[in-house]
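Q:
Protein chains in written order, with our numbering: chain F, 1 to 301; chain V, 302 to 602.
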């Protein structure tokens with residue numbers, strides 16, 4: 001049995017542990033790619049990297065129309081991987097889009113992002129989760145602080161911190177429409193959470209996470225380590241945000257009229273495949289954490 | 302009977318009307334004061350004015366301790382003018398603090414703010430509402446877009462747009478801890494809201510406003526008039542925000558660890574005293590809208 005390097009929700013009280021894995025896994029075999037040394041150092045320091053206008057306006061226009069088309073196609077499909085607004089047919093997210101044998105599958109292999117993920121993770125990569133998100137203006141919900149890794153480790157059995165999220169933003173992100181907020185440097189600490197994981201936790205946690213939520217004391221401590229700073233991922237459509245699997249992030253609601261949409265891929269190192277969940281419970285469904293037919297991605301230029 | 306210059310909640314659908322009152326009521330009798338012509342012009346254009354560090358650190362420290370003391374004194378008092386967190390003894394707001402015969406009464410007469418209000422309103426002024434607010438970090442609630450005047454007109458019988466809110470901020474306001482958001486220029490338009498006012502609306506509207514809420518189409522239109530801009534009142538403790546009674550404002554939630562507190566006075570022109578509410582219903586209680594013993598304030602230097 002694999003040793004649990006990052007225990008959480010074990011019934012103990014909350015505590016902060018040091019990270020046991022590198023943030024940037026430098027590997028000469030995978031040093032070629034779009035990211036400069038300076039950018040890799042920035043990622044290592046802050047736990048994220050915001051690259052402006054990786055995709056141009058025409059590319060963004062195509063992505064937006066493909067996103068709309070995919071949402072429309074799923075409007076009347078009732079399935080776990082389609083997340084709707086409560087009591088409505090309005091779709092907020094569609095998961096597993098990298099398996100569509102079409103546009104989003106090709107996008108998920110785009111060299112501009114895959115090679116960046118390879119540079120960060122120092123290995124070949126595959127996708128462990130993907131989705132497209134559409135959040136309307138006026139009523140965008142807040143997302144409380146969390147480390148993705150905490151959930152992926154406990155509920156999906158991701159053994160090590162060697163995964164990176166890639167968000168392609170399709171709408172301008174402003175200070176006032178609920179941009180992602182990140183505590184820089186927080187990727188270096190693991191907040192082990194109190195409580196235990198209930199069965200089928202994912203059925204409610206996608207809308208509001210109740211378990212695996214960091215305590216206030218740990219959050220204050222993390223912000224102190226960051227000299228009080230909380231960064232926001234703001235910038236124009238077509239920009240790409242890479243963020244470490246363990247960086248503490250969240251977002252406020254969005255009461256502005258500006259909607260937000262993005263494409264979201266999680267790249268995991270091929271050397272960090274999912275095992276049995278550390279919660280001891282059955283794994284979450286495939287659409288949340290890919291286990292079947294995992295193959296390294298060949299980047300498309 | 303007074304003519305209703307700004308009908309709203311009359312059962313009609315939402316519509317946008319032009320403002321019928323000046324934003325800055327320039328009056329040579331009240332031109333002396335802390336605000337420069339440029340600042341008055343800015344207020345007139347944007348509907349608000351953010352003045353950095355009107356009060357110094359020592360003054361802020363005293364205000365914070367007086368705020369804490371007042372909150373503590375009211376902790377076990379059950380009254381409408383003390384707003385608690387649902388299901389808890391934690392106090393969020395105490396109203397009517399300008400009648401405390403002590404610190405906040407003196408502060409409400411401070412020449413630095415009263416004379417600014419006189420310059421804007423072009424007359425003597427009195428306080429129609431006051432409160433102190435404490436909003437903790439991590440769980441600060443959002444406040445949806447609204448014009449204060451819409452409520453004050455319909456529910457309190459404030460006849461004309463000739464009032465200004467003054468918020469003395471006691472904690473640093475950042476982009477990430479739910480600062481007040483303002484649509485610059487929106488004070489020039491009145492969004493007449495759909496619906497009608499239920500009885501005792503104030504008992505629920507202080508926590509979440511359901512009636513007198515602008516419709517999405519009007520909100521989009523107001524933001525378009527502002528060239529897409531939404532401003533945020535960010536700055537250090539001790540700063541003062543003046544904003545017009547009709548400017549459209551709101552705030553996102555606050556998941557950051559940074560709490561927020563402020564002292565809030567609404568100055569109304571002595572020539573704009575409250576009449577019978579335009580809803581036709583009984584007036585709201587005195588702590589929300591002062592009617593009794595209204596006297597013009599003599600500023601204290």
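From the three backbone atoms N, C-alpha and C, an ideal C-beta is built for every residue, glycine too. Since we're looking at a predicted model, the values are computed, not measured.
1) From this set, 600/V, 601/V, 597/V and 578/V, which residue's C-alpha is nearest residue 590/V's C-alpha?
2) Note down, in chain order, every chain F residue with its Cβ under 8 Å from the Cβ of residue 533/V.
3) Report the three-state DSSP secondary structure of residue 208/F (helix, strand or coil).
4) Helix, strand or coil, according to DSSP, for residue 298/F in the structure here?
5) DSSP beta-bridge partners for residue 166/F?
6) Which of the three DSSP states, helix, strand or coil, is assigned to residue 404/V?
7) Got a sec? Which residues, its chain only, sit under 6 Å from residue 241/F by beta carbon, not counting five neighbours each side?
8) Could you work out which residues of chain V lie near residue 211/F, taking near to mean beta carbons separated by less than 9 Å?
9) For residue 145/F, go through chain V and note every residue whose CB falls closer than 8 Å to its CB, in chain order.
10) Below 8 Å on C-beta distance, what does residue 443/V contact in chain F?
11) Would you say residue 524/V reaches chain F, if we count a Cβ-Cβ gap shorter than 8 Å as a contact?
12) Check each candidate in 592/V, 478/V and 433/V and name the one with the smallest Cα separation from residue 253/F.
13) Rounded to whole angstroms, what's the CA-CA distance from residue 411/V to residue 144/F? Just pull it up for me.
14) List the residues of chain V whose Cβ lies closer than 7 Å to the Cβ of residue 181/F, in chain order.
15) Under 8 Å between the Cβ atoms of residue 482/V and residue 523/V?
16) Between the Cα of residue 474/V and the Cα atoms of 518/V, 515/V, 557/V and 386/V, which residue gives the shortest distance?
17) By Cβ distance, which residues of its chain are closer than 8 Å to residue 563/V, with the 5 residues on each side in sequence left out?
18) Excluding sequence positions up to five away, which residues of its chain have a Cβ less than 7 Å from the Cβ of residue 335/V?
19) Using only CA atoms, which one of 119/F, 103/F, 80/F and 2/F lies nearest to residue 24/F?
20) Contact defined as beta carbons within less than 8 Å: I believe residue 328/V pairs with residue 424/V. What is the distance between those atoms, to the nearest angstrom?
21) By Cβ distance, which residues of its chain are closer than 7 Å to residue 213/F, with the 5 residues on each side in sequence left out?
22) Hey, could you find the ends of the alpha helix (DSSP H) residue 220/F is sitting in?
23) So, does the CB of residue 405/V fall closer than 8 Å to a CB anywhere in chain F?
24) Starting from the Cα of residue 594/V, find the closest Cα among 580/V, 584/V, 574/V and 583/V and give me that residue.
25) Can you tell me whether DSSP reads residue 307/V as helix, strand or coil?
26) Going by alpha carbons, who is nearest to residue 175/F out of 377/V, 529/V and 303/V?
27) Less than 8 Å between the C-beta atoms of residue 426/V and residue 597/V, yes or no?
28) Give a yes or no on whether the minimum CB-CB distance between residue 393/V and chain F is below 8 Å.
29) Would DSSP call residue 474/V helix, strand or coil?
30) Give the residues of chain F in contact with residue 439/V, contact being defined as C-beta atoms less than 8 Å apart.
31) Counting only the same chain and skipping the five closest in sequence on each side, list residues whose C-beta sits under 7 Å from that of residue 84/F.
32) Note down, in chain order, each residue of its chain lying with its Cβ closer than 7 Å to the Cβ of residue 502/V, except the 5 sequence neighbours on either side.
33) Hey, could you find the ends of the beta strand (DSSP E) residue 20/F is sitting in?
34) Cβ of residue 291/F versus every heavy atom of the ligand GDP: is any distance shorter than 7 Å?
35) Run the CB neighbour count on residue 38/F, radius 10 Å, all protein chains shown included, and call it buried at 16 or more, exposed below.
36) Who are the near neighbours of residue 251/F in its chain, counting only those whose CB is closer than 7 Å to its CB and skipping five residues on each side?
A: According to the structure shown:
1) Taking the second chain and counting its residues from 1, the one referred to as residue 590/V is at position 289. The shortest Cα separation from residue 590/V among 600/V, 601/V, 597/V and 578/V belongs to 578/V.
2) Along the second chain, one-based indexing puts residue 533/V at 232. Listed along the chain, the chain F residues whose CB falls inside 8 Å of the CB of residue 533/V are 175 and 176.
3) The count along the first chain starts at 1 and reaches residue 208/F at position 208. Three-state result, residue 208/F: coil.
4) As a first step, residue 298/F is located in the first chain; it is residue number 298 there, counting from the start. If DSSP states are grouped into helix, strand and coil, residue 298/F belongs with coil.
5) One-based indexing of the first chain puts residue 166/F at position 166. Beta-bridge analysis with DSSP links residue 166/F to 242/F and 265/F.
6) Counting from 1 along the second chain, the entry for residue 404/V is found at position 103. Three-state result, residue 404/V: helix.
7) Taking the first chain and counting its residues from 1, one reaches residue 241/F at position 241. Correct list, in chain order: 50, 167 and 233.
8) Taking the first residue of the first chain as 1, we reach residue 211/F at position 211. The premise fails here: residue 211/F is roughly 17 Å from chain V at the closest Cβ pair, so nothing lies under 9 Å.
9) For this step, residue 145/F is matched to residue 145 along the first chain. The contacting residues are 556.
10) The sequence position of residue 443/V within the second chain is 142, counting from 1. Near residue 443/V (Cβ distances below 8 Å), the residues of chain F are 142, 252, 253 and 255.
11) Stepping through the second chain from its first residue, residue 524/V is reached at position 223. For residue 524/V, a Cβ of chain F is located within less than 8 Å of the residue's own Cβ.
12) Here residue 253/F is taken as the residue at index 253 of the first chain, counted from 1. Residue 478/V is the option with its Cα nearest to residue 253/F.
13) To locate residue 411/V, count along the second chain from 1; it is residue 110. To locate residue 144/F, count along the first chain from 1; it is residue 144. Answer to the nearest angstrom: the Cα atoms are 40 Å apart.
14) Reading the first chain from its first residue, position 181 is the one you call residue 181/F. Ordered by position in chain V, the residues that pass the 7 Å Cβ test against residue 181/F are 477.
15) Along the second chain, one-based indexing puts residue 482/V at 181. Along the second chain, one-based indexing puts residue 523/V at 222. Not closer than 8 Å, so no.
16) By one-based count along the second chain, residue 474/V stands at place 173. For residue 474/V, the closest C-alpha among the options 518/V, 515/V, 557/V and 386/V is that of 557/V.
17) Within the second chain, the letter at position 262 stands for residue 563/V. The answer, listed in chain order, is 433, 434, 468, 469, 470, 471 and 472.
18) Residue mapping note: residue 335/V aligns to position 34 of the second chain, counting from 1. Here the set comprises 413, 416 and 417.
19) Taking the first residue of the first chain as 1, we reach residue 24/F at position 24. Nearest C-alpha to residue 24/F: 119/F.
20) Taking the second chain and counting its residues from 1, one reaches residue 328/V at position 27. Taking the second chain and counting its residues from 1, one reaches residue 424/V at position 123. That pair is a contact at about 6 Å.
21) In the first chain, residue 213/F corresponds to position 213, counting from 1. Closer than 7 Å at Cβ, skipping near neighbours: 144, 146 and 193.
22) For the purposes of this step, residue 220/F is identified with residue 220 of the first chain, where counting begins at 1. Boundaries of the alpha helix (DSSP H) around residue 220/F: 216-225.
23) One-based indexing of the second chain puts residue 405/V at position 104. Closer than 8 Å: no.
24) Against the second chain, residue 594/V aligns to sequence position 293. Among 580/V, 584/V, 574/V and 583/V, the Cα nearest to that of residue 594/V belongs to 574/V.
25) Position 6 of the second chain, counting from 1, holds the residue named residue 307/V. Looking at residue 307/V - three-state DSSP - the assignment turns out to be coil, as it is neither helix nor strand.
26) Within the first chain, residue 175/F is the residue found at index 175, counting from 1. The option with the nearest alpha carbon to residue 175/F is 529/V.
27) Within the second chain, numbered from 1, the residue matching residue 426/V stands at position 125. Within the second chain, numbered from 1, the residue matching residue 597/V stands at position 296. Between residue 426/V and residue 597/V, the C-beta gap is smaller than 8 Å, which places the two residues in contact.
28) By one-based count along the second chain, residue 393/V stands at place 92. No, because no Cβ of chain F sits closer than 8 Å to the Cβ of residue 393/V.
29) Numbered from its first residue, the second chain carries residue 474/V at position 173. Three-state result, residue 474/V: strand.
30) As a working note, residue 439/V is residue 138 in the second chain. At a C-beta separation below 8 Å, residue 439/V has these neighbours in chain F: 216 and 219.
31) Sequence index remark: in the first chain, residue 84/F carries index 84 (1-based). The residues are 90, 91 and 92.
32) As a first step, residue 502/V must be located in the second chain, where it is residue number 201. The beta carbon of residue 502/V sits closer than 7 Å to the beta carbons of 456 and 512 from its chain, once the five residues preceding and following it are set aside; these are given in chain order.
33) Position 20 of the first chain, counted from the first residue, corresponds to residue 20/F. Per DSSP, residue 20/F belongs to no beta strand (DSSP E) and is neither H nor E.
34) Only the bare structure without any ligand can be found here, which leaves the ligand GDP out of the picture.
35) The residue labelled residue 38/F in the question sits at position 38 within the first chain. Residue 38/F comes out exposed.
36) Position 251 of the first chain holds residue 251/F. So the list reads 142, 143, 178, 179, 180 and 181, once near-sequence residues are dropped.
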